[in-house]
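The structure appears below as structure tokens.
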Amino acid sequence: MAQFETIVVERADGVVTVTMNRPAKKNAVNRAMTLELTTALREVRTDPDDRVLVLTGAGGDFCSGADLTDAGGPATVGLHYMREIADLALALHRLPKPTIAKVPGVAAGMGANLALGCDLIVASDAARFSEIFARRGLSLDCGGSWLLPRLVGLHKAKELAFFADVIDAADAERLGIVNRVVPAAELDAFVVDWSTRLAAGPPIALSMTKTMLNAGLATSIDQALEDEARCQSVNFTTADAAEAMSAFIQKRAPNFIGR
45 MAQFETIVVE
55 RADGVVTVTM
65 NRPAKKNAVN
75 RAMTLELTTA
85 LREVRTDPDD
95 RVLVLTGAGG
105 DFCSGADLTD
115 AGGPATVGLH
125 YMREIADLAL
135 ALHRLPKPTI
145 AKVPGVAAGM
155 GANLALGCDL
165 IVASDAARFS
175 EIFARRGLSL
185 DCGGSWLLPR
195 LVGLHKAKEL
205 AFFADVIDAA
215 DAERLGIVNR
225 VVPAAELDAF
235 VVDWSTRLAA
245 GPPIALSMTK
255 TMLNAGLATS
265 IDQALEDEAR
275 CQSVNFTTAD
285 AAEAMSAFIQ
295 KRAPNFIGR
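First residue of the sequence shown? That's 45 in our numbering, and the numbers climb one at a time after it.
Right under this line is the structure:
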């Protein structure tokens, strides 16, 4: 496993927690963090023991966005670095395992879109979100132009992007940006519960479900049904499907192994 300077990676019982770790800058993403996050995601992708990813930030915040003061950042490197940010967004989107963004505080700009790029978002009641780019004279990045309208609709996405307002956790939940808002003191326990349940789930079936849902908005009903048929035909041949049936008959919890 790679060694990191700007993130902390912890593994326990199939759950990988990746913590952006620049708390003095509210975990603003510099170029080093961009590359390290991409590397960590690629490691999770290929490790069969890693079943769920939790992405969060240190020091009470999620991520305040890109570090525009970074000497190697987008303001100085330009297109080359922006394509590295695109690589990060794609690595997160294409990760064939469930992902949870745990958002304790600020999630702004690139940080907001890293959260949106996860499959599920759990926020504390102190969390705040902003597509802050316009306030910096910038346009959306890190997948925001693709993710945001799919979550909130086109006109609401334009409102959030044009005005760059900060919205609180309750409004984010109302708009469908986050799945759950919980008291700050309960955030860790709630995410542990969800990530543990996902890690105990059937890896192949969850991976196929994620892939089909991600593709669904750009797929015809005919293609979606064909994809479902192909995926399900594979699932029926797995040891996990047999185990699920045995567990149902024996009235016990299944033990999924990912085969």
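Cβ coordinates follow ideal geometry from the N, Cα and C atoms, glycine included.
Note that the coordinates shown come from a computational prediction; the quantities given were computed from them, not determined experimentally.
In the same chain as Ile-211, and ignoring 5 residues on each side of it, the C-beta atoms closer than 6 angstroms to its own belong to Phe-173, in chain order. From the listed residues Arg-138, Val-235 and Ala-133, the smallest Cα separation to Gly-155 is found for Ala-133. At the C-beta level, Leu-99 and Thr-50 stay beyond 8 angstroms of one another. Per DSSP, reduced to three states, the secondary structure at Met-45 is coil, with no helix or strand assignment. Judged by DSSP in its simplified three-state form, Val-88 adopts helix. Cβ neighbours of Leu-219 within its own chain (closer than 7 angstroms, five residues either side excluded): Val-196 and Lys-200. Non-local C-beta neighbours of Val-235 in its own chain, meaning closer than 7 angstroms and more than five positions away in sequence, comprise Val-98, Ile-144, Lys-146 and Val-166, ordered along the chain. Judged by DSSP secondary structure, Thr-50 falls outside any beta strand (DSSP E); it is assigned neither H nor E. By the CB criterion at 8 angstroms, Glu-175 and Ala-135 fall outside the cutoff. Rounded to whole angstroms, the gap between the alpha carbons of Glu-272 and Arg-180 is 43 angstroms.
Beta-bridge annotation (DSSP): Met-64 is paired with Ile-51 and Gly-101. By the Cβ criterion, the segment 255–273 is not in contact with the segment 102–110, since fewer than three pairs of Cβ atoms, one from each stretch, lie closer than 8 angstroms.
If you draw a 10 Å sphere on the C-beta of Gly-188, you find 16 or more other C-beta atoms in it, and that means buried. The beta carbon of Lys-69 is closer than 8 angstroms to those of Ser-108 and Asp-111 in its chain, skipping five residues each way along the sequence. Three or more Cβ pairs drawn from the segment 71–81 and the segment 45–60 lie within less than 8 angstroms of each other, which places the two stretches in contact. Leu-139 sits in coil when the DSSP states are folded into three classes, being neither helix nor strand. Nearest to Arg-303 by C-alpha distance, out of Leu-164, Ala-214, Ala-288 and Phe-292, is Ala-288. The Cβ atoms of Thr-61 and Ala-102 do not sit closer than 8 angstroms to each other.
When the Cα atoms are used, Leu-269 and Thr-281 turn out to be separated by approximately 19 angstroms. Here Arg-172 is bridged, per DSSP, to Val-150 and Asp-212. Between Ala-243 and Asp-169, the C-beta gap is not smaller than 8 angstroms, which leaves the two residues out of contact. Here DSSP, grouped into helix, strand and coil, assigns Ala-56 to strand.
The alpha-carbon of Ile-248 is positioned some 7 angstroms away from that of Asn-279. In the three-state DSSP reduction, Cys-107 falls in the strand class (E or B). Ala-285 has its alpha-carbon roughly 10 angstroms from the corresponding atom of Gln-276. The residue from Asp-266, Glu-203 and Tyr-125 with its alpha-carbon nearest to that of Val-73 is Tyr-125.
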